[in-house]
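FYI, the numbering used here numbers position 337 of the sequence shown as 509, with every residue one higher than the one before it.
Glycine included, every Cβ here is placed at the ideal spot set by N, Cα and C.
Below is one structure; the comments refer to it alone.
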Amino acid sequence: MLNRKNLRFLTITLIILLTLSLLLTSCKKYGRGTNGDVSQGGGGKGGQQQGEVTPPPGGETPGGGDEDGDGQDGEDGTGGSVGGKDGGSGYVYEPYVWPEDQLVDYNGIVEHLFFHQMIAYPELAFDGDVQEKGFDDWMVTVSEFNKIMDSLYEKGYILVDMNDVWVEQTDANGVARMVKNTLRIPQGKKPLVISIDDTCYYQSYMGNGFMEKLVIGDDGEIWAWGHDPQGNEVMTQELDIIPAIDTFVKKHPDFSLNGAKACLSLTGYEGIFGYRTNTDSHGLTPEQEAFRQSEIEAVKPIVEQLKKTGWYFGCHTWGHIRLDSSRYGVTGVAADLARWQSDVGDIVGPTKLFFYPHGGRPDGDDWHKTGEVFKYIQSLGFRVFASVGTESFSYIKKDISAVICDRLHPDGTTLRHARDQYLQFFDAKDVFDYQWRPEKYGMDF
Ligand SMILES: [Zn+2]
């Protein structure tokens, strides 16, 4: 007889069984980098309706080539199922606050440096394979990054939020334009924006000496997860650029104004932060879609924790597409950015910051020009359009509410060949990783 008491007993038993099986599944998933225990997309090449997908290291410099050349279409997203632990155990970030009388108005140049993921294990990145040159060109090693950060701090730089540098103002006629903000910064400090491109933990980096995803540790903080060269699992806050910046600011709270960290500029074709939140143009089976949804749920706490600790996000297009090519047009760009919005934007929230893949502006180097593609991207709400250059250039457009700017790029290329341009930040001679960088690519000092 199924009376009330029995029913209650049954329900409780069911709940216990369900919880146990869920626990078992998640333990299994947490056990090891079983990349691809649920796989998406079937590893097919081609059929990419949005066209070019170029996993960096792709030349972010205007005119830079697609040197990664691995032709990966970025849609065979598998991905480890590790991490995404709902830390929650209250790590609270308390930014340093200056007394008002120690702050001064600042209207000068705000310097802007950008990085990529950093090389945790140079012996894997610089192993002579086809990707080596790209990693050498576009990445820094941990030791280089730490020296750069020490130098920036010693020289009085302080991190500011890129969203605070310019604001949109609407005049009496209802016309909106961007204006430069007067920053209030500590006396003697120099404001600096840092952005980090392609923090998606691409498949093509796996096994090449990079961390593989962000996770939340038991302490509630952001950690990076991956494998060392021997294949052992690693949880680290030193070997990945995101927790490394957290750690640096913790050590030097006066390196951050109002708690600002850096902007994470994201593509969408392999998801974000190592979580495969991306759709597939071939469609997903129900199983694959369920996996995608679980990845979305797993990355949400990471995004929340990043936001709470001073990080903010920007769009780097869904497919890392070249906007300086006529290949896409407004229709192609619209399709790419709609996909970015659903695969990434809906997870990270609204952003006004746009980072051109390969540094390629749709209107080329004529920043006075406002072409159809530019107008379209601006109409989506983006206001600051960052490219790559030899100085922290910026120009407020007069005909439309937008700012065009350039960033400098500390990496192998500039460490080797642009020491003078970067002396205000660091001396490449002191920073350069002589132990690991291949000699064959030369240097100018
Ligand atoms: Zn990029």
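Report task. Just the C-alpha distance for Met321 and Asn345, rounded to the nearest angstrom, thanks. Result -> 45 Å
Query - Anticipated Cβ contact below 8 Å, Thr439 with His399, distance rounded - result: Not a contact, Cβ separation roughly 23 Å.
Report task. Return yes when the Cβ of His288 is within less than 8 Å of the Cβ of Asp369, no when it is not. Result -> yes
Report task. For Met615, collect the residues of the same chain with a Cβ closer than 6 Å to its Cβ; drop the 5 residues on either side in sequence, then sort them by chain order. Result -> Arg588
Requested in this report: Give the range of the beta strand (DSSP E) segment to which Ser497 is assigned.
Outcome: No beta strand (DSSP E) holds Ser497; DSSP gives it neither H nor E.
**Report entry** Option nearest Asp581 by Cα separation, candidates Phe598, Lys570 and Lys569
**Finding:** Just to set this straight, residue 581 is His in the shown sequence, not Asp. It is Phe598.
Query raised in the report: DSSP state of Phe445, grouped into three classes?
Result: coil
Query - Reference Pro610, options Phe307, Leu275 and Tyr268, closest by Cα - result: Phe307
Report task. May I ask which residues mark the beginning and end of the alpha helix (DSSP H) holding Pro294? Result -> Pro294 to Ala297
Query raised in the report: Mind checking whether Met334 and Val556 have CB atoms under 8 Å apart?
Result: yes
Query raised in the report: Is His581 near ligand 1, in the sense that its beta carbon is under 7 Å from a heavy atom of that ligand?
Result: no
Requested in this report: Could you check if Gly237 is buried or exposed, using at least 16 other CB atoms within 10 Å of its CB as the buried criterion?
Outcome: Interpretation of Gly237 is limited by its pLDDT of 32, a score under 50 that renders its predicted location unreliable; the figure taken from the coordinates is listed afterwards. It is exposed - the Cβ of Gly237 has fewer than 16 other Cβ atoms within 10 Å.
Query - Whole-Å CB distance - Tyr484 paired with Pro363, under 8 Å assumed - result: Not confirmed; about 15 Å, so no contact.
Query raised in the report: Looking only at its own chain, which residues have a Cβ that is under 6 Å from the Cβ of Glu393, when we skip the five neighbours before and after it?
Result: Tyr263
Requested in this report: Could you spell out where the alpha helix (DSSP H) holding Asp308 opens and where it closes?
Outcome: Glu304 to Trp310
Query raised in the report: For Pro294 versus Ile330, is the C-beta distance shorter than 8 Å?
Result: no
Query raised in the report: Taking the alpha-carbon positions, what's the Tyr325 to Glu461 distance?
Result: 45 Å
Query raised in the report: Under three-state DSSP, which class holds Tyr567?
Result: strand
Requested in this report: From the DSSP output, read off the bridge partner residues of Glu405.
Outcome: His399
Report task. Please name the residue or residues paired with Pro363 in a DSSP beta bridge. Result -> Ile330
Report task. Could you say which of Gly443, Val339, Gly455 and Gly584 lies nearest to Ala470 if we only look at CA atoms? Result -> Gly443
Query raised in the report: Looking at the structure shown, is Gln550 part of a helix, part of a strand, or coil, going by DSSP?
Result: helix
Query raised in the report: Is Lys541 helix, strand or coil when you go by DSSP?
Result: coil
Query - Bridge-paired residues (DSSP) for Glu283 - result: Leu364
Requested in this report: Would you mind stating whether Val545 and Val502 have Cβ atoms separated by less than 8 Å?
Outcome: yes
**Report entry** Pro415 Cβ short of 7 Å to ligand 1 heavy atom set
**Finding:** no
Report task. Quick one: measure Cβ to Cβ for Leu495 and Pro534, integer angstroms, because I've assumed they're closer than 8 Å. Result -> 4 Å
**Report entry** CA nearest to the CA of Gln402, picked from Gly381, Asp537, Pro529 and Gly543
**Finding:** Gly381
Query raised in the report: To the nearest whole angstrom, what separates the beta carbons of Phe617 and Arg591, a pair I think is in contact under 8 Å?
Result: 5 Å
Report task. Output yes or no for whether 8 Å exceeds the beta carbon distance between Cys577 and Ala558. Result -> yes
Query raised in the report: Which class does Trp512 belong to by DSSP, given the choice of helix, strand or coil?
Result: helix
Query raised in the report: Per DSSP, Thr342 forms a beta bridge with which residues?
Result: Ala348
Query raised in the report: Since Lys385 is in the beta strand (DSSP E), which residue starts that stretch and which ends it?
Result: Lys385 to Ile388
Query - Simplified DSSP assignment, three categories, for Pro458 - result: helix
Query - Delimiting residues of the beta strand (DSSP E) encompassing Asp592 - result: Asp592 -> no beta strand (DSSP E), and no H or E assigned at all.
Requested in this report: Just mark His540 as buried or exposed, buried being the case when its beta carbon has 16 or more other beta carbons within 10 Å.
Outcome: exposed
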